[in-house]
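Just so we're aligned: 148 in UniProt numbering is position 148 of the sequence shown, and the numbers increase by one with no gaps anywhere.
We treat Cβ as the ideally placed atom computed from N, Cα and C, and that holds for glycine.
Have a look at the structure below, then the notes.
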Amino acid sequence: MQPRARARALGRAGAAVLLVSAALACRSTPAGPVAPLPEGIAADVAFLASPTLAGRATGTPGSERAAAYIARHHERLGLAGAFPSKCVAEASCAPSLYQRFHVQGKIGRNVGVVVPGADSALRGEYVVVGAHYDHIGRAEWASDDPELGSAVRPGADDNASGTAAVLELARRLAARPPRRSVLLLHFDAEELGLVGSRVFVDNAPVARERMVLMVNLDMVGRLRDARLTVQAPVAPAHVRAAIDQAAAGAGLRVEYSTTLDGRSDHASFVHAHVPSVALFTGFHGDYHRATDIAARLDLRGLARVVDVAEAIVRTAGDRAADR
């Protein structure tokens with residue numbers, strides 16, 4: 001998630017971009033049911049926040065490794081890429097998992113796949129689920145601990161947590177797809193001004209009118225007091241009802257916010273008139289610091305947030321078509 005000052009400075013105009021082609025220590029969460037921790041969540045967070053990825057700053061080798069890890073995960077599930085490919089033999093050309101773009105002299109990479117809907121009549125409509133996978137790397141200027149200079153900021157909560165949540169949703173949705181299709185997206189360059197999500201919205205492989213809902217997961221790994229913040233500046237009533245029901249089942253208290261502060265990727269979709277919600281477990285003292293490490297995440301709490309996200313996706317994905 002972007003710092004507040006940077007989000008305000010960028011505004012909607014933002015940075016110009018050019019599209020070039022389409023375990024761990026887990027602190028207990030008070031109250032609520034205790035369910036087995038999905039093994040994949042712990043493994044995904046551990047890799048994405050590992051020192052070898054050096055904070056996943058856009059355009060770095062660590063960012064490339066993160067993108068490749070995400071792509072391999074989806075390929076193992078048999079999910080096809082979300083983006084058109086450029087190749088000579090179009091008939092034999094598989095969709096791409098990558099959407100590349102230039103930003104500040106670097107190459108950014110969105111990663112995206114499609115879970116085809118189970119209902120042929122609704123398959124052409126989409127629920128969009130997204131999380132940014134980039135972080136600030138060694139960027140002293142973007143950190144909250146500049147005294148550490150070029151130390152790695154691992155970005156475990158921001159946003160290895162949201163990325164791991166989307167990977168877990170992929171496992172669940174691939175095994176049992178909803179009636180509508182689901183676009184699973186991993187945005188790059190969020191920390192540079194929501195660049196990846198803006199690129200996607202401006203060059204989406206499906207019409208915006210076909211996107212029935214966008215669900216964003218950003219900083220969802222530090223659940224405290226069983227409290228989940230849902231930013232819902234534009235959310236249908238049936239989606240709010242699904243959130244309330246799922247949160248109650250997971251033992252969570254929901255706090256709604258209708259303010260759009262432009263600090264995370266759902267803002268790009270709101271500006272494009274796509275109904276959107278964002279799940280968030282709150283800021284903390286490790287934000288944009290070298291101490292945002294995997295060992296400080298509440299992985300069981302993260303799994304409960306994934307349960308809520310899944311309920312939202314299935315509600316939007318299975319709802320009868322409007323007459």
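- Around residue 124, the same chain offers 210 as residues with beta carbons nearer than 7 angstroms, after the five sequence neighbours per side are excluded.
- Secondary structure at residue 137: strand, using DSSP grouped into helix, strand and coil.
- Counting only residues of its own chain and dropping the five nearest sequence neighbours on each side, residue 55 has a CB closer than 7 angstroms to the CB of 62, 135, 136, 137, 138, 152, 153, 154, 155.
- Here residue 250 is not near residue 318, since their CB atoms are 8 angstroms or more apart.
- DSSP, read as helix, strand or coil, puts residue 258 in coil.
- For residue 102, the enclosing beta strand (DSSP E) begins and ends at 98-103.
- Counting only the Cα atoms, residue 275 lies some 13 angstroms from residue 260.
- Inter-residue distance for residue 212 and residue 195 is about 22 angstroms (C-alpha atoms, whole angstroms).
- A straight-line Cα-Cα distance of about 26 angstroms links residue 238 and residue 200.
- With fewer than 16 other Cβ atoms inside 10 Å of its own Cβ, residue 258 counts as exposed.
- Secondary structure within the region 227-293: the alpha helix (DSSP H) runs of 4 or more consecutive residues, fully enclosed, are 237-249, 266-271 (chain order).
- By the criterion of a C-beta distance shorter than 8 angstroms, residue 146 is surrounded in its chain by 140, once the five residues flanking it on both sides are discounted.
- Residue 120 is classed as exposed because its beta carbon has fewer than 16 other beta carbons within 10 Å across all chains shown.
- Under DSSP, residue 80 takes part in a beta bridge, and its partners are 114.
- Residue burial annotation: residue 51 is exposed, with fewer than 16 other C-beta atoms found within 10 angstroms of its C-beta.
- Cβ contact annotation for residue 256 (same chain, cutoff 7 angstroms, sequence separation greater than five): 230, 232, in chain order.
- Taking 8 angstroms as the cut-off, the Cβ atoms of residue 170 and residue 183 do not count as close.
- In the structure shown, residue 63 falls within a helical segment according to DSSP collapsed to helix, strand and coil.
- Using a 10 angstroms sphere on the CB of residue 143, the tally of other CB atoms reaches 16 or more, which defines it as buried.
- Look at residue 56 here: in three-state DSSP terms it is coil, with no helix or strand label.
- Using a C-beta cut-off of 8 angstroms, the region 75-88 makes contact with the region 97-113, since at least three inter-stretch Cβ pairs fall below that distance.
- In this structure residue 187 does not touch residue 102 by the C-beta definition: roughly 15 angstroms separates them, more than the 8 angstroms allowed.
- Taking every protein chain shown into account, the CB of residue 288 has 16 or more other CB atoms within 10 angstroms, so this residue is buried.
- Rounded to whole angstroms, the separation of the alpha carbons of residue 214 and residue 269 is 7 angstroms.
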